[in-house]
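**Student:**
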Amino acid sequence: MASSKSILAKIFAEYYLSGAQARQEGRPIAYVTAFTPVEILRAMDVVCLFPESYAVVCSASNKSQEMIQASTMASFSQDLCSYSLISFGADHYPRPPYGGLPRPDMLIATNNQCGTTFLWFKLLSQKQNIPLFIIDYPAANPNQSATRPYIEEQYKELIKFVQKHTDRNINTQELNEQIICSRKACDLWLRLHELNKEVPPPLTATEIVDSLFPMLAAKGTPSACDFYEALIEEKQAIRNENSTDSLRLLWHGYPMWFLRKRFPDCFDDAFQVVLNDYTLWWNLDYPDEQGDMDALISAYSKTYLNRTLNHKIDWVDALARDYSVDGVICHANRSCRRALADIVPLRDRLHKKEIPSVIIESDMAHAGCYSGEQVKLRIESFRESLSI
Amino acid sequence: MKYVLGIDAGSSYIKLVLIDEQQKTVARNIIKRGADIDASCRESYNTLLNTSPIDKNDINGIMATGYGRKQVTFCNEVITEITALSVGGFTVAPDVRTIIDIGGQDSKVIAVDTSGKVVDFVMNHKCSAGTGKFLEVTSASLGVTIEDLGRLSQAADTRLRLSSTCTVFAESEIVSYIARGVKKENIIKALHAAISGQIVGLFHQVNSVDDGKILLAGGVALNEGLVHELSGWLNREVLVPEYPQYTGAYGAAIYLQRKRKDRKTD
Amino acid sequence: METTQHIIARCKKLISQPEYRNEYLIRIKEKYLGIIGYFSNYIPEEIIAAAGFYPLRIIGCYEPSKPSPHSLYIPVCSFARDMYSAASSGGLSYLSQVVFPNSCDSMRVFAQMWEHAVNFPPACVLLHPINDNSNAIQYFAEVIERFAGKLHQDGGNLITQTRLKETIDTYNQTRRLLRRLYDIRKINDTFLAGSDAVALMTAGLIMARDEYNQILSQIVNQGPREIHKDRKLKRIMIMGPLMDNYGFLSKIEEFGGYIVYDNITNGSRYCDLDVEIEGNLYENIARRYLTSGPSPTLNSDKEISDQSFQALIDDLDLDGIIFINQKFCEPHVHKYLAEADILKQMNINVLMLEIEHGRVEVDERDMLRIESFLEIAGRS
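Protein chains in written order, with our numbering: chain A, -15 to 372; chain B, 1146 to 1411; chain C, 69 to 448.
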């Protein structure tokens, strides 16, 4: 069996070559947001590229500040989401990583993660004259029975939209296989996280965050499953039996992609992040053995950021218990307003459960919003308060 | 007699406190921070030694805290100012449950339990108007000294509003007021209100154990106008220690002394 | 009969003096099942009114800052921040419930924080769609009908077809009168200043509808028929979200501008379309709310690059457009970014101002911007 590292390298290379290859082969390219039902598009032979993921790569390559500056020089407000600023910056920046993403034939955006991605793609569509399709997911509320048929109609419209712009039809068998595959990848993704319920945890938070990429780029394909299977096997094999006395932490919210370890350099064996709930947002709720549109609606309408406040707080609260954490670090990410709403209520809940928590303020991708000393001071003070 | 030194290497000032075995302050010194934090601390240390009768050899421990704590090369240990302020504030007034510190760079609200242990803390946002630096910058643009702010604000006769939570925005609002010839006393009062509003926001985010007393630490606490304003916003009495600017340094010294005692008894 | 001048002064008081407004509302509350506050143009007032409640669009507070037990530390727009602190210090306690839209993340954050920390009055979110196609209209009609059912449960009044038709008619009447007001102001710049017109329109969001329709028709009927266009006045259109700060707008006019038209929430976007009264009324309401002058929170096909927009600009004889945005208002920032270039290509002078909602004073730098803009704006 191939190593997880080699499978990941292959997935990465294939994804970044897919745009150029699609151009050569005359296959259509779509820009999609993180929680777009890519299974539909891939079953229509559309190559899906994720500008958000590209912004992550730019941020991790230390380019965020320069690229954001490029977009603010083109009169974009600094207050906008850093993913969108980096993405717009790529158009005004001389040498963007990997040469930038190729121009798409269409844009597909959703609002099941935030209200910004839809505005961002709409602006892109207006500025570059690219056809846009928006899938609207009214906030997931169990009392709204009108929502499901509304989303289902939109999926049908999406298929028509792609047909109109690409002349391609949907391969329903392929769609079915993709959905089954996505579900398997989600199961494996969850299992990987659950390894860290052990003491000591076999994976660092960095390792988990850096394994997220296939959940986007290769979702619905066997290679994503191969990768997670290999990684789980490797981690199980080298399980560390030396149990040390350690403070276990939950990192709530986004990592910081521009940092070498994706998290501030404040952690060690005695004080470690065992779970970052952000990566579990990708564990979508695909129903068992179901490969139809209904399964997709279920998965994509109940994304974390589209849920009610109480549901979100209950979920994180349960994770804190299941992973036996001693404290929670909440990342107040300037870019993501929707995620920011959880922090105060979550801290109140944790306080009731006598789980200490601390807020740090920064950004997921904009290195200029990161004040290392301030963040470290908060985390070190938090560590002191847990240790004394 | 053996002594312990606490150094608070803050972003604007260096504060030193020397305590004896009874936790009594025997000497203190404050200087403005220079470009080299370690050199500033040494300079302050030398002044402290030169102006007090204590012999250097009788000082058996140095603890540094504050934003420049890691730059202090001649200390034995470091702790964060959150811990230092909680220990310092709680020692001064054991019925305190909330300690507020308006620092040059950061403002903090710390909740402690009945034994003085930190149960929660929050700090200001990176870009917000609730810090001492903001007072400094504004007093300069109004042409008054920072010491005069408290007195002047008490002569205000209308309530103006600084709507902004962002320093850059707030500064431009202040410039507008100045351009319109608004009395500086009223601007200063509005400034105090804006800072108080920021602090109240933090205060409501921190999870306190009970409604015990509130203590304001940091040099800003010497500004009576601000203390009065803050107390109004919180609708609670705000205690100010005799030497508020030394709370962190004092706490650092106490912390080290306690740690050494604990070690001996182990 | 109350003079126009007197009416406008009363409207301004309703907008800028919260105590006067509260007294007015508390007095009127007795005649209804309660006051339902709402925050966006996507909440159908007709339904609230037909259920026997008093629909109140919540606007700025204009109160000097005072201690509030809670504050939104999140970088949401100043409107949401102000309203949150007003609500948590009891400033909206005369409402019996509030309805949030599903329009932008600032509103979503606000709604969630309300649920967590304010609680009174109780809140609900109307999950309107962001698309405007037939499928979305169908979905929205169901949401509205469900909302009507909820109000029936809350207040006990069944919304009959007849009752709903009557209410729609009353609201359509307001829309028609407001459109006439625009038409008059378009041809005659001596009739009513733009800042006064905005005050008049904003007060309509607060005032009892019958009373409002009556004063509106009085003003409109007195409107001049002759054309008057002072060539020295720069004809300006304003764009943006809710703009209830008439004082700010009067600054634009003091410097020699005439606000002839707008694309703001409490202006043309409020009154540009009627609800049809034949057929399925819920569907008609849904269609009207989704297809009227689109807000940037919606995914609409209507674009300013359309010929109709060019025709509007010619018809208005426009000298320039001023975007008045709020800091951290994402949808309108995006709208500006999308439209500024197109407008410049159409040879229209564009100015973008970023203001804080609820701040009465006009920033010195903004005054300078406005003054300079009016100096250079003009038809070339």
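Heads up, the beta-carbon is just placed ideally off N, CA and C, and yes, glycines get one too.
Gly1363 of chain B to Lys360 of chain A, Cα distance in whole Å?
**Tutor:** Within the second sequence, numbered from 1, the residue matching residue 1363 of chain B stands at position 218. Within the first sequence, numbered from 1, the residue matching residue 360 of chain A stands at position 376. Approximately 21 angstroms between the Cα atoms of the pair.
**Student:** Just the chain A side, please: which residues come within less than 7 angstroms of Asp1251 of chain B by C-beta, in chain order?
**Tutor:** In the second sequence, the residue the question calls residue 1251 of chain B occupies position 106. Per Cβ cutoff of 7 angstroms: Gln358.
**Student:** List the endpoints of the continuous alpha helix (DSSP H) containing Trp299 of chain A.
**Tutor:** Within the first sequence, the letter at position 315 stands for residue 299 of chain A. Unbroken alpha helix (DSSP H) run through Trp299 of chain A: Leu293 to Asp306.
**Student:** I'd like to know whether the C-beta atoms of Lys297 of chain C and Gly324 of chain C end up nearer to each other than 7 angstroms.
**Tutor:** For this step, residue 297 of chain C is matched to residue 229 along the third sequence. For this step, residue 324 of chain C is matched to residue 256 along the third sequence. Cβ atoms of Lys297 of chain C and Gly324 of chain C: not closer than 7 angstroms.
**Student:** Determine the direct distance from the alpha carbon of Asp1356 of chain B to that of Leu1401 of chain B, and round the result to whole angstroms.
**Tutor:** Walking along the second sequence from the start, residue 1401 of chain B turns up at place 256. Walking along the second sequence from the start, residue 1356 of chain B turns up at place 211. Whole-angstrom Cα-Cα distance: 29 angstroms.
**Student:** Taking CB distances under 7 angstroms as the criterion, tell me whether Tyr15 of chain A reaches chain C.
**Tutor:** The residue you call residue 15 of chain A lines up with position 31 of the first sequence. So no, Tyr15 of chain A is outside the interface.
**Student:** If we count the other Cβ atoms within 10 Å of its Cβ and call it buried at 16 or more, is Lys1253 of chain B buried or exposed?
**Tutor:** Numbered from its first residue, the second sequence carries residue 1253 of chain B at position 108. Classification for Lys1253 of chain B: buried.
**Student:** If you run the structure through DSSP and keep just helix, strand and coil, what is Asp409 of chain C?
**Tutor:** Your numbering for residue 409 of chain C matches position 341 in the third sequence. Helix at Asp409 of chain C.
**Student:** Going straight from the alpha carbon of Leu1360 of chain B to that of Val258 of chain A, what length do you get?
**Tutor:** On the second sequence, position 215 is the one that residue 1360 of chain B refers to. On the first sequence, position 274 is the one that residue 258 of chain A refers to. Approximately 36 angstroms between the Cα atoms of the pair.
**Student:** Does any residue of chain B bring its CB to less than 7 angstroms from the CB of Leu233 of chain A?
**Tutor:** By 1-based counting over the first sequence, the position of residue 233 of chain A is 249. Taking Cβ atoms only, chain B never reaches closer than 7 angstroms to Leu233 of chain A, which makes this a no.
**Student:** Can you tell me whether His74 of chain C is buried or exposed, with buried defined as 16 or more other CB within 10 angstroms of its CB?
**Tutor:** What you label residue 74 of chain C is simply residue 6 of the third sequence in a count that begins at 1. Classification of His74 of chain C: exposed, given that the 10 Å Cβ count is below 16.
**Student:** Provide the residue span of the beta strand (DSSP E) that contains Asn417 of chain C, from first to last.
**Tutor:** By one-based count along the third sequence, residue 417 of chain C stands at place 349. Taken as a continuous stretch (DSSP letters only), the beta strand (DSSP E) holding Asn417 of chain C covers Asn417 to Ile423.
**Student:** Are the CB atoms of Gly262 of chain C and Leu195 of chain C nearer to each other than 7 angstroms?
**Tutor:** Position 194 of the third sequence holds residue 262 of chain C. Position 127 of the third sequence holds residue 195 of chain C. Going by C-beta atoms, Gly262 of chain C is not nearer than 7 angstroms to Leu195 of chain C.
**Student:** State buried or exposed for Ile222 of chain A, treating a residue as buried only when at least 16 other CB atoms are found within 10 Å of its CB.
**Tutor:** Translated into positions along the first sequence, residue 222 of chain A becomes position 238. Burial call: exposed.
**Student:** Let me check understanding here. Comparing Cα to Cα, which of B:Gly1396, B:Leu1367 and B:Asp1258 lies closest to Val1385 of chain B?
**Tutor:** What you label residue 1385 of chain B is simply residue 240 of the second sequence in a count that begins at 1. The candidate whose alpha carbon is nearest that of Val1385 of chain B is B:Leu1367.
**Student:** Might you give, ordered along the chain, the residues of its own chain that have their beta carbon closer than 7 angstroms to the beta carbon of Asp1265 of chain B, omitting 5 neighbours on each side?
**Tutor:** Sequence index remark: in the second sequence, residue 1265 of chain B carries index 120 (1-based). Closer than 7 angstroms at Cβ, skipping near neighbours: Ala1256, Val1351 and Asn1352.
**Student:** Shortest alpha-carbon distance to Ile295 of chain C belongs to which of C:Ile94, C:Leu246 and C:Ile252?
**Tutor:** Indexing the third sequence from 1 puts residue 295 of chain C at position 227. Cα-wise, what sits closest to Ile295 of chain C is C:Ile252.
**Student:** Can you check whether the C-beta of Ser1317 of chain B is within less than 7 angstroms of a C-beta belonging to chain C?
**Tutor:** As a working note, residue 1317 of chain B is residue 172 in the second sequence. Judged by the 7 angstroms Cβ criterion, Ser1317 of chain B is in contact with chain C.
**Student:** For Pro123 of chain C, which residues does DSSP report across the bridge?
**Tutor:** Working through the third sequence from its first residue, we reach residue 123 of chain C at position 55. Pro123 of chain C pairs with C:Ile104.
**Student:** My assumption, with CB atoms under 8 angstroms, is that Ile1247 of chain B sits in contact with Gly1277 of chain B. Please give the rounded CB distance.
**Tutor:** Here residue 1247 of chain B refers to the residue found at position 102 of the second sequence. Here residue 1277 of chain B refers to the residue found at position 132 of the second sequence. Their Cβ separation, rounded to whole angstroms, is 5 angstroms, which keeps Ile1247 of chain B and Gly1277 of chain B in contact under 8 angstroms.
**Student:** Looking at the structure shown, is Asp1153 of chain B part of a helix, part of a strand, or coil, going by DSSP?
**Tutor:** Stepping through the second sequence from its first residue, residue 1153 of chain B is reached at position 8. Correct three-state label for Asp1153 of chain B: strand.
**Student:** Should Tyr77 of chain A be flagged as near chain C, meaning a C-beta pair shorter than 7 angstroms?
**Tutor:** For the purposes of this step, residue 77 of chain A is taken as residue 93 along the first sequence, with counting starting at 1. It does not; no Cβ of chain C falls within 7 angstroms.
**Student:** Would you mind working out which of A:Met348, A:Ser355 and A:His295 sits nearest Glu183 of chain C, comparing C-alpha positions?
**Tutor:** The residue you call residue 183 of chain C lines up with position 115 of the third sequence. Among A:Met348, A:Ser355 and A:His295, the Cα nearest to that of Glu183 of chain C is on A:His295.
**Student:** Can you list, in chain order, the residues of the region 292 to 325 of chain A whose Cβ is nearer than 7 angstroms to any Cβ on chain B?
**Tutor:** Listed by position along the chain: nothing, the set is empty.
**Student:** Which residue marks the beginning of the alpha helix (DSSP H) containing Tyr239 of chain C, and which one marks its end?
**Tutor:** Counting from 1 along the third sequence, the entry for residue 239 of chain C is found at position 171. Segment Gln229 to Ile255, the alpha helix (DSSP H) holding Tyr239 of chain C.
**Student:** Where does Ser440 of chain C land, buried or exposed, given buried means 16+ other C-beta within 10 angstroms?
**Tutor:** Working through the third sequence from its first residue, we reach residue 440 of chain C at position 372. Looking at its Cβ environment, which holds fewer than 16 other Cβ atoms inside 10 Å, Ser440 of chain C is exposed.
**Student:** For Phe72 of chain A, does the count of other Cβ atoms within 10 angstroms reach 16, so buried, or fall short, so exposed?
**Tutor:** By one-based count along the first sequence, residue 72 of chain A stands at place 88. Buried, by the Cβ-count rule.
**Student:** Give me the Cβ distance between Phe255 of chain A and Leu231 of chain A, rounded to the nearest whole Å; I'm assuming they're in contact under 8 angstroms.
**Tutor:** Position 271 of the first sequence, counted from the first residue, corresponds to residue 255 of chain A. Position 247 of the first sequence, counted from the first residue, corresponds to residue 231 of chain A. That belief holds up - the Cβ atoms of Phe255 of chain A and Leu231 of chain A are roughly 5 angstroms apart, short of 8 angstroms.
**Student:** Can you pull the chain D neighbours of Tyr270 of chain A, defined as C-beta to C-beta under 9 angstroms?
**Tutor:** Looking for chain D here will not work: the only protein chains present are A, B and C.
**Student:** According to DSSP, is Ala93 of chain A helix, strand or coil?
**Tutor:** Stepping through the first sequence from its first residue, residue 93 of chain A is reached at position 109. Reduced to three states, the DSSP call for Ala93 of chain A is strand.
**Student:** Which residue marks the beginning of the beta strand (DSSP E) containing Tyr354 of chain A, and which one marks its end?
**Tutor:** As a working note, residue 354 of chain A is residue 370 in the first sequence. Run containing Tyr354 of chain A: none; DSSP gives neither H nor E here.
**Student:** Listed from N- to C-terminal order along the chain, which residues in the region 203 to 216 of chain A have their beta-carbon within a distance smaller than 7 angstroms of any beta-carbon of chain C?
**Tutor:** Taking 7 angstroms as the Cβ-Cβ cut-off against chain C, none of the residues of the region 203 to 216 of chain A qualify.
**Student:** Which chain B residues sit within Cβ distance under 9 angstroms of Arg433 of chain C?
**Tutor:** Residue mapping note: residue 433 of chain C aligns to position 365 of the third sequence, counting from 1. Those within 9 angstroms of Arg433 of chain C in chain B are Ser1317, Val1320 and Ser1321.
**Student:** Can you list, in chain order, the residues of its chain whose CB lies under 6 angstroms from that of Cys397 of chain C, leaving out five sequence neighbours each side?
**Tutor:** In the third sequence, counting from the first residue as 1, residue 397 of chain C sits at position 329. Cys145 and Pro309.
**Student:** Any heavy atom of the ligand GDP closer than 6 angstroms to the beta-carbon of Ala(-14) of chain A?
**Tutor:** Although the ligand GDP was asked about, the structure shown includes no ligands whatsoever.
**Student:** In whole angstroms, what is the alpha-carbon distance linking Ser319 of chain A and Leu64 of chain A?
**Tutor:** Start at 1 with the first residue of the first sequence, and residue 319 of chain A comes out as number 335. Start at 1 with the first residue of the first sequence, and residue 64 of chain A comes out as number 80. Their Cα atoms are separated by approximately 7 angstroms.
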